[in-house]
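All remarks here apply to the structure that follows.
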Amino acid sequence: MRSTTATLGSRRSSRRRSGCSRTRRWSGSATRSLNVEVESDDALGGSMIAPRPTLYRDAALADPTEPSLRKGVSLLADAGRVVWIRPSTDEGDLPPNVRIIDAGGATIVPGMVDAHSHVTLPGGSHWIERGADPPEELLEVAEHNGDLLGRAGVRWARDVGSPLAVDPRDGRRRALALRVRERWQSDPNRPRIRVAGTWIGHSGVLTGGLAIEADDGPALLKAASTQLDDGADFLKLYLDGPKKEEAPWSTDDVRAVVELAHGRGAKVTAHSGFLVGARVGIDAGVDSLEHGFELDSDAVAKMARQGTFLVSTLAIFRSWASFAQTTTLPRFVSDEGKERIARRRDRAIESVRLAYRAGVRIATGTDFGGGSLRANHIAWEVESLVEAGLKPWEALASATVRGGELLGEPEAGRIVDGGPADFFLVHGDPLSDPTTLWRVWRVAWLPDARAESLG
């Protein structure tokens with residue numbers, strides 16, 4: 003069923019409840035914003051109309067910094083901003099031409115942050131091979147991923163690696179995600195993204211086209227500088243070496259990259275599948291570790307002291323386990339493959355537990371595209387964090403406010419008066435049940451025809 007909507011003229015709200023001591027006058031000046039929201043009106047057959055105030059009435063509100071829902075809430079949004087959040091019993095006067103959405107039984111959730119994504123890649127069991135696909139196809143994949151992200155309630159995506167290719171539109175050879183960022187900047191319905199450019203790795207580690215290769219300190223520094231010159235928002239170093247017991251570069255080599263990036267206003271993150279690489283990254287002062295599948299108590303203690311983020315990607319092990327039922331690939335279906343996946347999964351879960359107990363800030367990532375998950379699977383990662391020991395509301399915080407902190411975007415993952423109207427609605431309580439995030443009903447920043455596509 004479609005949501006119930008109504009349009010009010012200049013009359014007072016008919017929802018003034020008993021016990022309200024006073025009403026509030028509407029002031030249009032409260033909604034001024036540079037962001038303009040354009041929505042399609044289902045009642046008019048999807049025709050485009052001018053943006054107008056929208057009231058979400060009698061919902062619950064999930065604040066990821068608190069363990070319990072706030073119930074009986076009405077939220078007024080206009081021009082892409084939250085005008086106010088009030089008790090449903092005391093809304094006061096409403097603006098002319100307001101659109102009312104009966105949100106009873108639903109929960110308002112901040113737009114999420116996928117802190118480890120690969121927007122130009124599709125994921126699935128053949129994710130490694132897909133990196134060599136033609137750039138035209140990968141750019142089409144990005145558009146599909148943009149749809150999936152939005153409908154899943156993901157407002158921000160942090161792209162941590164994109165194939166290096168010649169852009170078919172302008173002939174420039176660079177990370178394709180940089181082109182996607184440019185295209186999406188002017189589209190308010192698309193996710194907001196931060197882009198690391200292309201992976202920087204040692205030769206012999208990643209397949210062709212997926213990395214700029216650097217085998218020593220000077221080459222590493224040159225590669226980092228090139229990525230920043232191309233427009234990367236931050237840098238991604240691949241700290242797994244050709245031999246898993248050895249890091250690809252020294253601590254001093256990586257520290258030089260961190261100093262270069264920080265001097266240019268950028269951050270550095272590091273892929274860390276094994277403990278030796280994690281130690282090099284932490285000691286060199288990287289801003290975050292991706293995956294962190296093998297951490298120990300010393301590593302997480304130093305991360306906590308330094309403020310180094312951990313970006314979790316535990317759900318890939320659930321994905322790989324599912325491939326044992328859906329593919330014939332030996333690395334997933336063989337007994338040896340299943341045992342290897344189970345061992346790595348247990349070690350990765352223990353690493354997240356150690357980090358959590360040490361007070362490391364954890365942001366949620368899916369590794370979609372560059373790993374096996376799809377772009378709409380962030381709920382799977384939130385579930386995995388709960389399995390690793392986080393309380394459900396803390397896991398939701400990892401997918402919202404912690405992701406915003408990692409991005410340096412204080413408004414990301416939060417719903418506050420005057421802030422962006424970046425929220426979505428689900429059925430259930432995501433502060434106590436992470437599976438609720440699979441049940442997206444509406445997405446506030448999308449036109450209605452797409453916002454309710456999963457409802």
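Convert by adding 2 to the 1-based position in the sequence shown; the result is the number in the numbering used here. C-beta atoms are modelled at their ideal positions from N, C-alpha and C, and glycine is treated no differently. Nothing here was measured: the structure is a model prediction, and the numbers come from that model.
Entirely enclosed alpha helix (DSSP H) segments - the segment 151-194, minimum 4 residues
178-187
Give the single residue among V111, R363 and S314 whose Cα lies nearest to the Cα of F426.
Reading the sequence shown from its first residue, position 424 is the one you call residue 426. The shortest C-alpha separation from F426 is found at V111.
So if DSSP puts K269 in a beta bridge, which residue, or which two residues, is it bridged to?
Position 267 of the sequence shown, counted from the start, is the residue given in the question as residue 269. In DSSP, K269 forms a bridge with F236.
Look at the Cβ atom of L241, then the Cβ atom of G279, and state whether they are nearer than 9 angstroms.
Position 239 of the sequence shown, counting from 1, holds the residue named residue 241. Position 277 of the sequence shown, counting from 1, holds the residue named residue 279. Cβ distance < 9 angstroms, so L241 and G279 count as in contact.
Is it true that the CB of N147 sits closer than 9 angstroms to the CB of P124?
Position 122 of the sequence shown, counting from 1, holds the residue named residue 124. Position 145 of the sequence shown, counting from 1, holds the residue named residue 147. It is a contact, given that the beta carbons lie within the stated cut-off.
Given this structure, state the Cα-to-Cα distance separating A451 from W440, to the nearest angstrom.
In the sequence shown, residue 451 corresponds to position 449, counting from 1. In the sequence shown, residue 440 corresponds to position 438, counting from 1. Since pLDDT at A451 reaches only 46, below the 50 mark, its modelled position is unreliable, and the value read off the structure follows with that caveat. Taking the straight line from one Cα to the other gives about 19 angstroms.
Quick one: is H128 buried, meaning 16 or more other Cβ sit within 10 Å of its Cβ, or exposed?
Within the sequence shown, numbered from 1, the residue matching residue 128 stands at position 126. Classification for H128: exposed.
Give the range of the beta strand (DSSP E) segment to which D80 is assigned.
Position 78 of the sequence shown holds residue 80. Here the beta strand (DSSP E) through D80 covers R72 to D80.
Could you check which residue in R54, E145 and R176 has the C-alpha nearest to that of I103?
Indexing the sequence shown from 1 puts residue 103 at position 101. Checking every option, the nearest Cα to that of I103 belongs to R54.
Would you kindly work out how many angstroms separate the C-alpha atoms of R176 and T200, rounded to a whole number?
On the sequence shown, residue 176 is found 174 positions in, with the first residue counted as 1. On the sequence shown, residue 200 is found 198 positions in, with the first residue counted as 1. So the alpha carbons of these two residues sit roughly 8 angstroms apart.
Report the rounded CA-to-CA distance for A167 versus G126, giving the unit in angstroms.
What you label residue 167 is simply residue 165 of the sequence shown in a count that begins at 1. What you label residue 126 is simply residue 124 of the sequence shown in a count that begins at 1. Spanning the two alpha carbons is a distance of roughly 21 angstroms.
Can you tell me whether I87 is helix, strand or coil according to DSSP?
Taking the sequence shown and counting its residues from 1, the one referred to as residue 87 is at position 85. In this structure, I87 counts as strand in the three-state DSSP scheme.
Among all the DSSP beta bridges, which residues are the ones paired with D104?
Position 102 of the sequence shown, counted from the first residue, corresponds to residue 104. Paired residue(s): R59.
Could you tell me the distance, in whole angstroms, from the CA atom of T56 to the CA atom of L392?
Translated into the one-based positions of the sequence shown, residue 56 becomes position 54. Translated into the one-based positions of the sequence shown, residue 392 becomes position 390. Those two C-alpha atoms are separated by around 35 angstroms.
On the premise that A61 lies in contact with V84, defined as a C-beta separation below 8 angstroms, what is that separation, rounded to the nearest angstrom?
Counted from its first residue, the sequence shown places residue 84 at position 82. Counted from its first residue, the sequence shown places residue 61 at position 59. Between A61 and V84 the Cβ distance is about 13 angstroms, and since that is not below 8 angstroms, they are no contact.
Would you check if the distance between the CB atom of G294 and the CB atom of A350 is smaller than 9 angstroms?
Translated into positions along the sequence shown, residue 294 becomes position 292. Translated into positions along the sequence shown, residue 350 becomes position 348. Yes, they are a contact pair.
Quick one: is L448 buried, meaning 16 or more other Cβ sit within 10 Å of its Cβ, or exposed?
As a first step, residue 448 is located in the sequence shown; it is residue number 446 there, counting from the start. L448 comes out buried.
Starting from V313, follow its DSSP beta bridges and name the residues at the other end.
Here residue 313 is taken as the residue at index 311 of the sequence shown, counted from 1. Its beta-bridge partners are E292 and A365.
Presumed contact (8 angstroms Cβ cut-off) between A286 and R333, rounded CB distance:
Here residue 286 refers to the residue found at position 284 when the sequence shown is read from its first residue. Here residue 333 refers to the residue found at position 331 when the sequence shown is read from its first residue. Not a contact, Cβ separation roughly 32 angstroms.
Around the C-beta of V182, are 16 or more other C-beta atoms found within 10 angstroms, so that it is buried, or is it exposed?
Within the sequence shown, numbered from 1, the residue matching residue 182 stands at position 180. Buried is the call here.
Just verifying my parser: in three-state terms, what is the DSSP assignment at I343?
Counted from its first residue, the sequence shown places residue 343 at position 341. If DSSP states are grouped into helix, strand and coil, I343 belongs with the helices.
Delimiting residues of the alpha helix (DSSP H) encompassing R281
Locating residue 281 in the sequence shown gives position 279, counting from the first residue. R281 -> alpha helix (DSSP H) spans L277 to A286.
With DSSP as the reference, label E385 as helix, strand or coil.
As a first step, residue 385 must be located in the sequence shown, where it is residue number 383. If DSSP states are grouped into helix, strand and coil, E385 belongs with the helices.
Rounded Cβ spacing between L277 and D298 (contact assumed at less than 8 angstroms):
Locating residue 277 in the sequence shown gives position 275, where the first residue counts as 1. Locating residue 298 in the sequence shown gives position 296, where the first residue counts as 1. Right, their Cβ atoms sit about 6 angstroms apart.
Using DSSP with H/G/I as helix, E/B as strand and the rest coil, what is G203?
As a working mapping, residue 203 is identified with position 201 in the sequence shown. Strand, per DSSP.
List the DSSP bridge partners of S458.
It is not possible to answer for residue 458, since the shown part of the chain is limited to 3 through 457.
From A64, D80 and A81, pick the residue whose C-alpha is nearest to that of K73; which is it?
By one-based count along the sequence shown, residue 73 stands at place 71. Checked all of A64, D80 and A81; the closest Cα to K73 is A64.
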